[in-house]
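Offset between the sequence shown (1-based) and the working numbering: plus 4.
We put the CB at the ideal spot given by N, CA and C, even for glycine.
Quick caveat: nothing in here was measured; it's all calculated off a predicted structure.
Below is one structure, written out as C-alpha cells; comments come after it.
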Amino acid sequence: MKKRISMFWAQGEAGAPEIVRRCWDAWARLNPGWSLEIRSDADAGAAFDALGLAHAPETFQGRADVIRVQDIAAHGGVYVDCGTIPCRPLDDWLEPLMEEGFFAFHDPYRRRPIENWFLAATPGHPLAEGWLAEMRRYWDRPRRPQAQRRELDRGGKGALACSLAGLRAAPRSKRVLEPKDRVWSVHPEGGAQRPVHPYFWPHYLFALRLQQAPDFREAWARVPKRPSYENLMVRHWKRDYATMSDTELRSLLGAPMQKLSLKSVPKPPHLDMIFEAAEQG
C-alpha cells in the first residue's frame, strides 16, 4: 500500500478552521514517512469525470462520500475524515489489518456492514472498484437528500411522501434518517427509482453489493473485522464535555485515533490533552 494519507475539506486548506488544521499537522508529524494530501471541492469535478459519474451529489458530505472511494481506488493509501486526531502512528497498527489489501471499520451496533470515515486500500482493489460501480449506477440521475422519514418506504405511501417532500423547501440542516429497508432504499428496482438519497447511501450501496455479487462478498469476508467504537469514544461523551475531568478524558483515550464531531468539540484544555497524546504517539 502506498504511504499516502488523503483527506477532503470542501473549502480547501485556506478555508479550514483551526481544529482541522491541527488535525492535519498531527497526522503529518505522527506519520513522517507518509505523504499528506488535502483535496477540496475544486478537485471534485475531475474526480467525478474520471469516474464517469452522470450526476454529482448536491451536498459536500455526499461529494466527499464519492471522492474518498474514488481516491483510494485510483491511488491507494489511507483516507480519513478531517476532525480525526491520530493518537498512534499508522505504521504501529495498520499493517496487520491490510493482508487483503483493504481495510475499513464495520458497524455491528448500527447494522451497517462498513464505515467510510477511515478507509485503506491498494490501488484498484476489487472492493473499492465494486463500490464505485454501485455509485456510478446509483448516480445516474439527480438526487436530493432525504428530508422526510417515510419517503423511502416501500409502496404507494412512500412514493407519495417522496413526491410531497420534493415540493417543500429543503431543510436548513442535515437530517440523518434511516429507511425501514436500507438496502431496498438504494436498490435499482426499489428506492433508487426515486429522486432522493438517504444519508447513509454509500453504506447501503456496499450492503447491496454484498447481496448481489458473491465475489465481492467473499473479498469482504477475508478482510479483518474491527468495530470503530474505541476510536469514537471521545465524541460519544460529548454531552459531558462541560463537566468532564482530566482523568475522565484520559480514560477515553488509548485507541489509534479519535474521530471528533466538529460541531461539538471538547473544551480547549481537553483538546490540547488529546493532541498531546498524538505527539507522544
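Buried/exposed call for residue i, threshold 16 Cβ in 10 Å
i      : result
SER168 : The amino acid at residue 168 is misidentified as Ser; the sequence shows Leu. Exposed is the call here.
SER189 : buried
LYS7   : exposed
LYS184 : exposed
PRO290 : The requested residue 290 is not part of the displayed model; the chain covers only 5 to 285.
ARG186 : buried
ALA18  : exposed
HIS274 : buried
GLY56  : exposed
GLY37  : exposed
THR88  : buried
SER232 : buried
GLN215 : exposed
LYS263 : buried
GLU283 : exposed
Residue i versus residue j - alpha carbon distance
i      : j      : result
ALA223 : GLU22  : 39 Å
LEU123 : LEU164 : 37 Å
GLN15  : GLY49  : 14 Å
ARG179 : ALA151 : 7 Å
ASP250 : GLY66  : 36 Å
TYR203 : CYS27  : 25 Å
TYR245 : GLY160 : 45 Å
ALA147 : PRO270 : The sequence shown places Arg at residue 147, not Ala. Each residue's alpha carbon lies about 35 Å from the other.
TYR208 : LEU236 : 21 Å
MET102 : ILE42  : 23 Å
PHE106 : TYR83  : 12 Å
SER10  : PRO192 : 31 Å
PHE64  : ASP45  : 8 Å
HIS79  : TRP97  : 21 Å
ILE278 : ARG72  : 25 Å
GLU252 : ARG213 : 41 Å
GLU133 : ALA77  : 6 Å
ARG141 : ARG172 : 27 Å
ARG25  : ARG92  : 18 Å
GLY81  : ARG33  : 17 Å
8 Å Cβ cutoff, residue i in contact with chain C
i      : result
SER249 : In summary, chain C is missing from the structure at hand, where a single protein chain is found.
Beta-carbon proximity list for residue i, same chain, < 8 Å, skipping 5 on both sides
i      : result
ARG145 : ALA58, HIS59, PRO199
CYS86  : MET11, PHE12, TRP13, ALA20, VAL24, CYS27, TRP28, LEU266
Integer Cβ distance of residue i from residue j, believed to fall under 8 Å
i      : j      : result
LEU257 : ALA281 : 5 Å
TRP135 : PHE210 : 6 Å
HIS110 : PRO149 : Wrong, their Cβ atoms sit about 24 Å apart, outside the cutoff.
ALA196 : GLU234 : That pair is no contact at about 35 Å.
PRO90  : TRP143 : About 32 Å separates the two Cβ atoms, so there is no contact after all.
Other residues of its chain near residue i: CB distance less than 6 Å, five sequence neighbours each side excluded
i      : result
PHE52  : ALA60
ALA116 : Per the sequence shown, the amino acid found at residue 116 is Arg instead of Ala. Answer for ARG116: HIS207, listed in chain order.
SER39  : ARG8
PHE220 : GLY134, ARG213
PRO130 : ALA223
Same chain, Cβ closer than 7 Å to residue i, five either side skipped, listed in chain order
i      : result
LEU181 : GLN150, ARG153, PRO202, TYR203
ILE118 : ALA108, HIS110, HIS207, PHE210
LYS267 : none
Subject >> Those runs of the alpha helix (DSSP H) which lie wholly inside the segment 216–267 and span at least 4 residues >> reply: Fully enclosed alpha helix (DSSP H) runs of no fewer than 4 residues occupy 218–225, 237–240, 250–254 of the segment 216–267, in order along the chain.
**OP:** With a floor of 4 residues, list each alpha helix (DSSP H) that falls wholly inside the segment 84–139, ordered by position along the chain.
**Re:** For secondary structure counted as the alpha helix (DSSP H) over 4 or more consecutive residues, the segment 84–139 holds these complete runs in sequence order: 94–97.
**OP:** List in chain order: all unbroken beta strand (DSSP E) runs of 3+ residues lying wholly within the segment 150–185.
**Re:** Fully enclosed beta strand (DSSP E) runs of 3 or longer: not present.
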